[in-house]
Amino acid sequence: MMPRTPTLACPAAIACFLALMLTPMTARADRPSLNGHTFISTDLVPDAQVRTYIRNNIGYTMTPEFDYPPVAIRGDTLAVLSGSLAYALLGMEYQSAIRDWIGVRASIGMRTRLGTQAASLVNEGVNVSSTFELGWLVRLRETQKTALSVSLDVTRQTLTLIDLRQFTEDVVDGNPEPRLIDNVPMIRTKAGLRFGWAVSRPLGVTLLGEGSYGEAPHRGQSDSWEYGLGASVDFDGHAAWGVPVGFAVAYRETSLPVIIEADHGKARQTLLRIAYTGKPDFLVALDIMGLVDRDNVQVEPVWSGGAAFSLRYYF
8 MMPRTPTLAC PAAIACFLAL MLTPMTARAD RPSLNGHTFI STDLVPDAQV
58 RTYIRNNIGY TMTPEFDYPP VAIRGDTLAV LSGSLAYALL GMEYQSAIRD
108 WIGVRASIGM RTRLGTQAAS LVNEGVNVSS TFELGWLVRL RETQKTALSV
158 SLDVTRQTLT LIDLRQFTED VVDGNPEPRL IDNVPMIRTK AGLRFGWAVS
208 RPLGVTLLGE GSYGEAPHRG QSDSWEYGLG ASVDFDGHAA WGVPVGFAVA
258 YRETSLPVII EADHGKARQT LLRIAYTGKP DFLVALDIMG LVDRDNVQVE
308 PVWSGGAAFS LRYYF
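In terms of my numbering, the sequence shown has 159 at position 152, counting the first letter as 1, and numbering is strictly consecutive.
Laid out in structure tokens, this is it:
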């Protein structure tokens, strides 16, 4: 099978991005706020207001043990084995508010998935997803309590798959060209709406809806439409009790596979954020994360849980 040829990025888009980055900023340098409420931003559901910031996060999750089906090689059936999966993630993003109504941003991210035991390592292999995203955020409407904006993005993603099981089967079957590593590049465009609502001084809500079109992450499939939905509810302890601590609960669902080549269905992510809010332009947070994904050879939902550390600075 011939490898997919990656599409070149548009030079005009890169030139536009560089020009916008050099434009003087006029937007505010504090965290997003409406009607006296300062939002506790999360990485799952992004801000609805245009701000200049830089953020980075690092995290880790793991599944409980689960059983794999028996493996048959040349008519011999091996015993049922159990294993588990581990995920690691790393991300960084920069957004520049070139005006108080428009911002441009760039982000990079990496997510890995691997088996933590011999059985899961052989069955699942090692998968690495690396992503570069260039996007714009435009304010559509803002009132005293609400904010509505539209986002436009172009994403370049590469899936690197190390399939030990397929490699072993190819060797045993005498395949003259056994394949251990495969790279699957894809480029997608995405557009979405973000909505922020300051319910009260301590309480805020952020909603996200987006659609995506582009190359599929699995070979032999045509370009596809996908969707993403998200919601977060945050509580500012500084406004309620005078204590510089904030909390946020977020949920995000996407129909695009997170880190695998095969399309096994929707992925659902949850997050509980505990953040320090003592400074108006700085947010440091601990996230307790959960991921439900059909991200395994059994094509069954598997839950993983873990934690992440996130820093965000507005300027």
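For every residue, glycine included, the Cβ atom is placed at its ideal position computed from N, Cα and C.
Alpha carbon to alpha carbon, how far is residue j from residue i? Give it in angstroms, no decimals.
| i | j | result |
| --- | --- | --- |
| D230 | S219 | 10 Å |
| N63 | D74 | 35 Å |
| E176 | G116 | 32 Å |
| V212 | T68 | 26 Å |
| V145 | T167 | 33 Å |
| T150 | T49 | 22 Å |
| S137 | V179 | 31 Å |
| R195 | G235 | 13 Å |
| T153 | D243 | 17 Å |
| R163 | L279 | 29 Å |
| Y60 | P39 | 11 Å |
| P209 | L215 | 21 Å |
| L200 | I109 | 14 Å |
| R106 | P53 | 19 Å |
| P18 | E100 | Confidence at P18 is low in this model, with a pLDDT of 48, below 50, so the placement of that residue is unreliable and no value is reported for it. |
| D294 | H44 | 21 Å |
| M296 | A315 | 7 Å |
| L121 | E131 | 7 Å |
| D241 | D170 | 41 Å |
| L29 | Y320 | Model confidence at L29 stands at a pLDDT of 48, short of 50, so the residue's coordinates are unreliable; what they give is reported in the following sentence. The straight-line gap from Cα to Cα measures roughly 19 Å. |
| R148 | R112 | 20 Å |
| Q102 | A36 | 12 Å |
| W248 | A238 | 25 Å |
| L187 | G181 | 14 Å |
| Q228 | L141 | 25 Å |
| K197 | L263 | 12 Å |
| L207 | A125 | Going by the sequence as given, residue 207 is Ser instead of Leu. When rounded, the distance between both Cα atoms is 52 Å. |
| P31 | L155 | Unreliable placement is indicated for P31, whose pLDDT of 47 sits below 50; the coordinate value is still reported in the next sentence. Cα-Cα distance, rounded: 24 Å. |
| V309 | A255 | 24 Å |
| L159 | G253 | 29 Å |
Looking at C-alpha atoms only, which residue of the options is the closest neighbour of residue i?
| i | options | result |
| --- | --- | --- |
| A95 | T70, D74, I194 | T70 |
| V135 | N190, E233, L200 | N190 |
| G313 | T153, A223, Q276 | Q276 |
| E233 | G66, A274, G297, E131 | A274 |
| A292 | Q102, T284, Q56 | T284 |
| S114 | T123, W143, G122 | W143 |
| L88 | G110, M99, T123 | T123 |
| S127 | E72, Q102, L155, M99 | E72 |
| F139 | M193, F174, L263, H245 | M193 |
| G98 | Y60, S317, G199 | S317 |
| T165 | S156, S239, R148, E222 | E222 |
| A205 | G132, I47, G249 | I47 |
| S311 | A36, G90, D37 | G90 |
| R118 | I65, A125, Q173, P251 | I65 |
| E217 | V157, E184, I188 | V157 |
| V133 | P308, Q173, E184, L141 | Q173 |
| K286 | F322, L263, A255 | F322 |
| V250 | I281, L298, L155, T261 | I281 |
| R259 | G253, V299, P183 | V299 |
Please look up how many angstroms separate the CB atoms of residue i and residue j, rounded, as I've assumed it's under 8 Å.
| i | j | result |
| --- | --- | --- |
| A55 | F289 | About 20 Å; that fails the 8 Å criterion. |
| V57 | A104 | 5 Å |
| L51 | A257 | 4 Å |
Tell me whether residue i counts as near the ligand ZN, meaning its Cβ is closer than 7 Å to at least one heavy atom of that ligand.
| i | result |
| --- | --- |
| S136 | This structure lacks the ligand ZN, and indeed carries no ligand of any kind. |
Note down, one range per segment and in chain order, each beta strand (DSSP E) of at least 3 residues found wholly within the stretch 99–156. If we require 3 residues or more, the beta strand (DSSP E) runs fully inside the stretch 99–156 come out as 109–122, 133–149.
(message) What ranges does the alpha helix (DSSP H) occupy inside the stretch 202–271, keeping only unbroken runs of at least 4 residues that lie completely in it?
(response) Listed in chain order, they are 244–248.
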